[in-house]
């Protein structure tokens, strides 16, 4: 009996197997044979035949030569599965990063800075994010490669900086997983009877759930985030409507609130330092927005799906952050004792959303919102495995991490990287250990991830500025780009400058924090690194790599602007789309500009 296997190219250079056909040589008849589900599941974990376990590239006899070209080739040809659809990207963009930073962390920002500082900080960080995501979208549509922004830093800035940014981003998400799992266990304690069950049981349940979702591959991640995002978006929209009704006197109490809390106790708290202190809370709330760019490498058609997702970030910033937090500032005074009672980053009692509903005298809804907070926490945990595993795999493909992390199975899953990311979740079992030990351990893990996003966003803006310079230097025009950033290079300069200012402001706040009077040197030092730990960590990754490999800044005329472009006839496709847009009615042009 002769066994033949049928193969077909999927349009991206990836070979797909459709089954086996056993042919009887005596009678000439054939029958379709399909392996059992158990065998197919086991086979799916085998190495993808299209991947190279040893990434290509000559590192030199002494191992001290970094090959930028081979790094670009490896990330461009990564066998990651391209199964994300447009609806997945849109919901990741709209609700992907709505989590405890908004639902609970905004309460701390309100208590420290007051309602005016809260709205100002989130507006400014929102403007910066708008510029940053558009810059990322422009590069990701043209180069939907594995690693996304860390790969762009390597290609357009400096391999040493790309190495630092890649590991900085991977570590950010690696430590977020145990943090969010523990936070999810605290949401359970909100309900009567939840505290009677050992926390480790909930830790095990949540960790297994998140790992299983990610073992379903990128499609599993996309579907889970699609559902999570719908729940979170519905909750925020519902709260906005409810908040307006409560503010104008439609609540059970029937009293008009208006802007009285902006007058007493006031709009600002702790002056300018209070405003600066809220920036890190705002940055934490927006972290994860950049995942839409990371997902481009696993999207079936990023040229179509990504621009729509990027444009919708503007509406998410306006509606879900600015509007909802403006209402929070109208309904909750910054002196409310519950704002300062948070024992963790998922304490529903300290959520300004829950406080506003409770103060209005509405029963039942606080419990519903606690469930939303739990879903938001699990969503962030789900994203943490996705973000860290994809970044680790891309680093390995660029020779910047152990090569085993580049292992990708037949379903397009970076299996070893997922296993490494999942194993960090075991740290969540510290929740069942000594409470003081747990608080200390998680305080430093949170410190490691707090400012990491700001460095990532700064790097994205700078990479876009350098990319545009190289694009122009090598004789290209903006008409050749399928998607261009709406704020353009000016927006990237604004984003770069503002991210730099946030780092400076946080350095000042870390050096002389609010309420530091009477602290000794040891307490001040510990407080500084608990806020600013991400900076020395980035330096530790950057400088040794820079000195060892002696990398240099990538010059504009030497930039690789071809590797990773998915469509071969991109210019013809863009021209056809422009001709089609000329015949659109005016309303559709306006709609497509914003959405």
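Numbering (the UniProt record's numbering), first residue to last: 1 to 595. All C-beta atoms in this analysis are idealised placements derived from N, C-alpha and C, irrespective of residue type, glycine included.
Query                                                                                                              : Result
Reduced DSSP category for residue 299 - H, G, I as helix; E, B as strand; rest coil                                : strand
Residue 92 and residue 235 closer than 8 Å at C-beta                                                               : no
N-terminal and C-terminal residue of the alpha helix (DSSP H) that residue 225 is part of                          : 217-247
Cβ neighbour criterion (16 or more within 10 Å) applied to residue 320                                             : buried
Short Cβ contact (8 Å threshold) for residue 482 with residue 142                                                  : yes
Reference residue 284; option with closest CA among 327, 456, 256 and 267                                          : 456
Whole alpha helix (DSSP H) elements within the stretch 143-216, 4-residue minimum                                  : 149-156, 159-188 and 199-215
Among 486, 495, 550 and 475, nearest to residue 561 - alpha-carbon criterion                                       : 475
Neighbourhood of residue 26 by C-beta, 8 Å cutoff - its chain only, sequence neighbours within 5 removed           : The pLDDT assigned to residue 26 is 41, lower than 50, so where the model puts this residue is not dependable; a value taken from the coordinates is nonetheless given after this. Cβ neighbours of residue 26 beyond the five flanking positions: none.
Alpha-carbon to alpha-carbon, residue 78 and residue 103                                                           : 37 Å
Inter-residue Cα distance where the pair is residue 161 and residue 498                                            : 19 Å
Separation of residue 521 from residue 486, as counted between CA atoms                                            : 47 Å
Outcome for residue 578 when other beta-carbon atoms lying within 10 angstroms are tallied against a minimum of 16 : exposed
Anticipated Cβ contact below 8 Å, residue 424 with residue 177, distance rounded                                   : 5 Å
Among 454, 459 and 333, the one whose alpha carbon lies nearest that of residue 117                                : 333
The stretch 491-510 touching the stretch 393-410, judged by at least three CB pairs closer than 8 Å                : no
Candidates 252, 551 and 304: closest to residue 360 by CA position                                                 : 252
Cβ shell of residue 590 (< 6 Å), same chain only, five flanking positions each side left out                       : none
Test item: CB-CB of residue 542 and residue 317 under 8 Å                                                          : no
Delimiting residues of the alpha helix (DSSP H) encompassing residue 492                                           : 488-511
Cβ shell of residue 94 (< 7 Å), same chain only, five flanking positions each side left out                        : 229, 233, 312 and 316
Residue 302, buried or exposed, once every other Cβ within 10 Å from all chains shown has been counted against 16  : buried
Residue 84 - DSSP class collapsed to helix/strand/coil                                                             : strand
Residue environment, residue 583, which counts as buried when at least 16 other CB atoms sit within 10 Å           : exposed
Span separating the alpha-carbon of residue 586 from that of residue 580                                           : 13 Å
For residue 596, the nearest candidate out of 526, 386, 279 and 466 (CA to CA)                                     : The structure shown has nothing for residue 596, since the chain only spans 1 to 595.
Inter-residue Cα distance where the pair is residue 185 and residue 112                                            : 26 Å
Any chain B beta carbon closer than 8 Å to residue 375                                                             : In the structure shown, chain B does not exist; there is a single protein chain.
Nearest residue (CA-CA) to residue 224, options 163, 270, 380 and 325                                              : 380
The stretch 389-397 / the stretch 411-431 touching (three or more Cβ pairs under 8 Å)                              : yes
Length of the line joining the Cα atoms of residue 107 and residue 114                                             : 10 Å
Check whether residue 196 and residue 83 have beta carbons under 8 Å apart                                         : no
Bounding residues of the alpha helix (DSSP H) (the contiguous stretch that carries residue 318)                    : Element bounds for residue 318: n/a, residue is neither H nor E.
Beta carbon of residue 463 nearer than 8 Å to that of residue 139                                                  : yes
Close Cβ partners of residue 448 (< 8 Å) along its chain, the five nearest in sequence each way excluded           : 171, 172, 175, 533, 534 and 537
Proximity of residue 137 and residue 322 at Cβ, strictly below 8 Å                                                 : no
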